[in-house]
Amino acid sequence: RRNTLAILISIELILNATDINFAVFNRFLFPGGLEGYFFSLFSIAISAAETAVAIAIMINIYRNIRSIQVNKLDEMKW
């Protein structure tokens, strides 16, 4: 069984890890620069929009088939 919400949380954890990497590499490679921090903020904004869209899709899926399991998504075929 694969839960769509667990997949979304996993993707968010991966994106947060990349944001931390951007900030840390910017701190060590370019101590006076702010490019890594700005890129992290941009990435956080993009991931927030991605999360909002994914949650809206999950709500619509739940309304149609009463489940958010990935295995049952084939029930939504034409």
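Take any residue in the sequence shown, count from 1 to its spot, add 13: that is its number in my numbering.
Ideal Cβ positions, reconstructed from N, Cα and C, are used throughout, including at glycine.
Source: prediction; values computed, not measured.
Item: Whole-Å CB distance - Ser53 paired with Phe35, under 8 Å assumed; Value: 5 Å
Item: Range of the contiguous alpha helix (DSSP H) that encloses Phe41; Value: 17-42
Item: Classification of Asp32 by the beta-carbon crowding that lies within 10 angstroms, buried from 16 upward; Value: buried
Item: CA-to-CA distance, Leu47 to Glu63, given in whole angstroms; Value: 24 Å
Item: Rounded C-alpha distance that separates Gly49 from Leu26; Value: 18 Å
Item: Environment of Phe57 [buried if 16+ CB atoms lie within 10 Å]; Value: The sequence given here places Ile at residue 57; Phe does not occur at that position. Classification of Ile57: exposed, given that the 10 Å Cβ count is below 16.
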